[in-house]
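Read through the structure below, which is laid out as structure tokens, and then see the notes.
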Amino acid sequence: MVTINEERGMFVVAIVVIFVLTAFMPSVSAAEVHPGDSIQAAINAAGFGDTITVHNGVYKENLIVNKSNIAIRSANGSAVTIISSNQTDMHVVNITNQTNVTLERFTIRDAHGTTQNVAGIYMENVTECTISNNTVTNITATDPMALGIELLDSHNNRFGSSTSISHIHANQTVDGILMRMSNNNSFNSDLTISYVYTPGYYACGLEVWGSHNNSFNSNTTISHVNATEEVFGILIIESDNNTFYSTVNVSQISGPGYLLTCGIGLGMDATNNAFEAPITVSYINGTNVVNGLGLHTTTCNRFSSSVAISHLTGTNTTGGLGLYKAHNNSFAGSITISDIVDSVNLSGGIGLGLADDNTFSADIIISDVNGNKTAGGIGLNYSNNNTFNGSIAISRITAGNIAGGIGLINDSKYNSFGSSINISHINASYIACGIGLVGSDDNEFRDCTISDLAALIPTKSIGIGMIDSSDGNRVFRSTIFSGINLLTRFGVYVRSSYNDLIADSNISHCGQGILLNHSWLINVSHNEIQDNKHGVQLNYSHNNTIARNMIVNNTARTTGVHINNGSNDNEIHENCFYYNDPQALDNGTGNNWSGNFWSDYSLPYNIEGIAGSTDGNPLDECPFGEEPPEPTPGPSPEPSPGPSPKPVKLPALTQIGLIALVSLLSALAALTMRKRR
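Take 1 as the starting number for the sequence shown in the numbering used here and just add one per residue.
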């Protein structure tokens, strides 16, 4: 039991301890600054933990914060408390080598540089500072740089309440905010940057360079950024693990931009950065390369919500979303890209170049892409193992030369388009193509609907083209047809390729349903090929399989299945031929017709053509599907004089590669991301 004396002794000890601690605690005083007083003088006189309160007025001075653990606050807010620079080549507020400084509720303005960089707020080697509810404006420089806020080697600082930066102007280089080698800083309220411009080289709204683990926790809005050479709304380079937790809106980024104009760019080994909320990029205009969102030499960046890109205009290469040497990036939200216009050359929606293992998990909508020469929806070049899991809708792609929906070129392999694809209204003067593969292997397309392809040269419209060693590709459950008053020349066109699969698809109202040219080991199975001028044609192709297809009412000069000279050792079996005129024609050698159903059944069934082929084991009924209605007879066509039709003259389709190149070049928007200083 504790006695009364012991309790008294303990109480006395406690009092002594409290007294000792209190004696060594810092005193907190409040300096009051009024118009006519000097804020700098109050800073110089401040002690540990002091608060300086600045009353309404315009204070013409440049502040050097040479004390740690002090607070500088306006009494009534930034609208009525202004710090205006009165010296050239000096920052308005300079915080260097300090910790725990608070700067709140000021308008900071009017720095001007002639030989030195100037900033509204400059922070070097500072930590644990709080910068809140400030407005930075009218920072100018003739040479070299003007900046709204610059952080250099500064960490664990907090930007609270709203931060507004506007009217930052320099003759050469200008940044709204520049963070260099600065980590773990947080922007905890709305960040607005506007009117950052130069008639010279470079302008950027928000630049994060060599800085890691910074967070933007509220809305980020950047607009009206302009430069002659390179322009960015947001640029993140050599920086990792930075996160935008709230919406990002970038607009009115414009040139001339003779090198590059880009809404948001990540480059030079930027890794594990994240955008967790919706991104909107709009009205990006330049005179060379224009890009909405570009990733260059980056990995493992994450876009968790929707991305909307619209109203981009350029005069060389204009693209919505570009990835170049960018790997393992993920887009979990929907992507909408529209109104992309290039008045001179190329325009595209999404382009991947040398980009592998990227994932697009949600729906993609691309529309109204217009290029003076070439336009495309999605393009991949030297890009592998990319996955598109959501639905894809591509429409209204228009070009003066070549237009395409999806294109893969140059050894792009193992890419998967796993959900539905709808491609329509592809219009061009020369070639219009829904999906084009050039020298690309082992890719997969499912549930495609392709229609309304219009080329002024009728023979140059193709639903799906696989050419020049495009091997092992798979097309499933697809529908290809011409639109009203249009004629798609080729539903599926395969040239100089092998081991491709075309299955479970419906190809109708085309000039030729399927054409195999100089190809082998192609499997055409379980398709409905109907109401085309020609059903299936083989030119100089061998060892292909045409099996279990419904081949119906293909009634032009050629036939249901037409095998031309130089085609041999093909297997044609278990197909159902209805009302084709003629049903089949074989001018090749060694082709095996066996076990097919013929609506004009006879035993054996003789195949027209110089090969003298027969189906020795025709089926007496179709093994699958209901019998289609017999077509209503029309006027009999006039007979064509002369011998059996020759192989059709094929269009020179090496240009299909440009379909992919269109969108790919949007990826090159990131190529000029580089250190400038």
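Ideal Cβ placement from N, Cα and C applies to all residues, glycine included. From a predicted model like this one, the values you see are computed outputs, not experimental measurements.
What does the Cβ neighbour count give for residue i, buried or exposed, with the cut at 16 atoms within 10 Å?
i, result
"Tyr197", "buried"
"Gly491", "buried"
"Ile457", "exposed"
"Thr115", "exposed"
"Gly47", "exposed"
"His712", "No answer is possible for residue 712: the residues shown for the chain start at 1 and end at 677."
"Glu627", "exposed"
"Tyr202", "buried"
"Ser310", "buried"
"Tyr382", "buried"
Would you kindly work out how many angstroms separate the C-alpha atoms of residue i and residue j, rounded to a whole number?
i, j, result
"Gly463", "Thr137", "55 Å"
"His212", "Ser496", "50 Å"
"Asn76", "Glu32", "13 Å"
"Ile366", "Val438", "22 Å"
"Asn565", "Trp520", "15 Å"
"Ile426", "Ser451", "8 Å"
"Gly263", "Ser395", "23 Å"
"Leu321", "Ile406", "14 Å"
"Ile402", "Pro623", "42 Å"
"Ser194", "Ser223", "5 Å"
"Ile572", "Asn592", "6 Å"
"Phe577", "Ile502", "18 Å"
"Ser469", "Tyr498", "7 Å"
"Ala355", "Asn386", "8 Å"
"Leu380", "Glu444", "13 Å"
"Gly255", "Thr192", "20 Å"
Give the secondary structure of residue i by DSSP, where H, G and I count as helix, E and B as strand, and everything else as coil.
i, result
"Gln530", "strand"
"Asn134", "strand"
"Asn69", "coil"
"Ala45", "helix"
"Ser310", "strand"
"Lys60", "strand"
"Thr459", "helix"
"Cys622", "coil"
"Met679", "The requested residue 679 does not occur in the structure, where the chain is confined to residues 1 to 677."
"Gly148", "strand"
"Gln252", "strand"
"Met179", "strand"
"Phe476", "strand"
"Leu259", "coil"
"Phe106", "coil"
"Asp586", "strand"
"Leu354", "coil"
"Val118", "strand"
"Leu206", "strand"
"Ala277", "coil"
"Ile607", "coil"
"Asp569", "coil"
Here's a check: name, in chain order, each residue in its chain whose Cβ is nearer than 6 Å to the Cβ of residue i, leaving out the five neighbours to either side.
i, result
"Ser74", "Val54, Thr81, Arg105 and Phe106"
"Leu585", "Thr559, His562, Glu608 and Gly609"
"Ser85", "Asn62, Val92, Asp110 and Ala111"
"Asp447", "Ser420 and Arg477"
"Phe159", "Ile131 and Phe187"
"Asn249", "Thr221 and Thr280"
"Ala547", "Ser525, His573 and Glu574"
"Pro26", "Residue placement at Pro26 is poorly supported in this model, since its pLDDT is 39, which falls under 50; the coordinates are not used for a value here."
"Asp531", "Ser508, His509 and Asn553"
"Gly642", "Here the model assigns Gly642 a pLDDT of 34, short of 50, so the residue's position is not dependable, and the following value carries that caveat. Taken in chain order, the list of residues that qualify is empty."
So who's on the other strand from residue i, going by DSSP bridges?
i, result
"Cys300", "None, per the DSSP bridge assignment."
"Gln40", "Looking at the DSSP assignment, Gln40 forms no beta bridge with any residue, so it has no partner."
"Asn523", "Leu501 and Thr545"
"Asp339", "BP columns for Asp339 are empty, so no partner."
"Ala141", "Gly113 and Ala170"
"Tyr579", "Bridge partners of Tyr579: none, in fact."
"Val290", "Thr261 and Thr318"
"Ser154", "Its beta-bridge partners do not exist; DSSP assigns none."
"Met466", "Leu437 and Val494"
Please work out which residues of its chain come closer than 7 Å, Cβ to Cβ, to residue i, disregarding the five sequence neighbours upstream and downstream, and give them in chain order.
i, result
"Pro199", "Asn171 and Thr228"
"Asn587", "Ile563, Asn564, Asn565, Gly609, Ile610, Ala611 and Ser644"
"Ile149", "Ala119, Gly120, Ile121, Val136, Ile165 and Ile177"
"Tyr372", "Sequence inspection shows Asn at residue 372; the Tyr mentioned does not correspond to that position. Correct list, in chain order: Asp342, Ser343, Val344, Asn345 and Gly400."
"Thr247", "Asn219, Ala277 and Pro278"
Using C-beta distances below 8 Å, list every residue in its chain close to residue i, excluding the 5 sequence neighbours before and after it, in chain order.
i, result
"Asp143", "Gly113, Thr114, Thr115, Ala170, Asn171 and Gln172"
"Leu259", "Glu229, Glu230, Asn288, Val289 and Thr672"
Should residue i be listed as close to the ligand SAM, given that the test is whether its C-beta is under 7 Å from any heavy atom?
i, result
"Asn285", "Among the components of this structure there are no ligands whatsoever, and the ligand SAM is therefore not found."
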